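Numbering (the UniProt record's numbering), first residue to last: 1 to 178.
Glycine is no exception: its CB is placed at the ideal position from the N, C-alpha and C atoms.
Predicted, not measured: the structure shown is a model, and the values here were computed from it.
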Amino acid sequence: GVNGKRSSKFKEGPVGREETNMDRTMNSDAVMDTQAVFAALYSVCEENIAFFSGGAKGTQGDAARRLVGAMKLIQEHAHSLEPVISGFAAIYHHFDFDPHIPANGYRSLVKVVRCCLLHIIHKGRYITTNRRSIFFRVAHNAGEMEAYCNALCQLRALLYLAQRLLHDNSHGNLFFQD
Numbered sequence: 001g002v003n004g005k006r007s008s009k010f011k012e013g014p015v016g017r018e019e020t021n022m023d024r025t026m027n028s029d030a031v032m033d034t035q036a037v038f039a040a041l042y043s044v045c046e047e048n049i050a051f052f053s054g055g056a057k058g059t060q061g062d063a064a065r066r067l068v069g070a071m072k073l074i075q076e077h078a079h080s081l082e083p084v085i086s087g088f089a090a091i092y093h094h095f096d097f098d099p100h101i102p103a104n105g106y107r108s109l110v111k112v113v114r115c116c117l118l119h120i121i122h123k124g125r126y127i128t129t130n131r132r133s134i135f136f137r138v139a140h141n142a143g144e145m146e147a148y149c150n151a152l153c154q155l156r157a158l159l160y161l162a163q164r165l166l167h168d169n170s171h172g173n174l175f176f177q178d
């Protein structure tokens with residue numbers, strides 16, 4: 001665009017003011033509970049997997065296969081994460097600073113995973129809405145979904161370590177004691 005600015009008034013991702021506010025709204029616990037978040041994730045992934053599994057040839061086909069692979073792996077991670085997130089949600093209040101300040105590392109970790117899932121849902125819906133457009137870039141969107149998939153994989157590993165920490169420590173203690 002002119003002077004290094006994007007010429008399009010339609011932005012993808014949380015760049016514009018409206019989308020930042022929308023992301024804030026999506027992250028509030030009142031909007032979607034954990035089950036609804038996972039249900040929305042599975043639904044948007046299934047819809048895009050079905051669409052892109054058609055079998056285009058050439059570079060578009062390779063990018064579509066990458067996108068399908070990333071979405072299948074996201075679903076796999078989500079199926080493993082769902083019971084873990086529910087488990088942490090049931091107990092993390094025991095580790096809050098005090099009853100009036102609901103804050104601790106377990107709660108923060110669950111919030112970060114939830115935020116990642118909501119971003120994946122948002123991107124998946126963007127793909128669903130725009131995939132038939134002549135301007136839709138399958139390879140670019142496949143790359144973004146692969147990045148989200150990698151982030152989700154790392155968050156899954158962190159949750160596993162947090163689970164170990166929780167189970168290896170004596171009841172109610174955040175830290176290991178000799």
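DSSP places residue 134 outside both helix and strand once states are collapsed to three, so it counts as coil. Only exposed fits residue 158, as fewer than 16 other CB atoms lie within 10 angstroms of its CB. Residue 102 is positioned such that its CB atom lies closer than 8 Å to that of residue 93. A residue is called buried when at least 16 other Cβ atoms come within 10 angstroms of its Cβ; residue 111 does not meet this threshold and is exposed.
Per DSSP, reduced to three states, the secondary structure at residue 168 is helical. Distance between residue 54 and residue 75, taken at the CA atoms: about 19 Å.
Ranked by how close their Cα comes to the Cα of residue 131, the residues 51, 91 and 35 have 51 in first place. Beta-bridge partners assigned by DSSP to residue 101: 98.
In the structure shown, residue 53 adopts coil according to DSSP, grouped into three states.
Taking the Cβ atoms as the reference, residue 119 lies roughly 7 Å from residue 148, within the contact range of under 8 Å.
Residue burial annotation: residue 38 is buried, with at least 16 other C-beta atoms found within 10 angstroms of its C-beta. Sorting 95, 88 and 169 by C-alpha distance to the C-alpha of residue 156 places 88 at the top.
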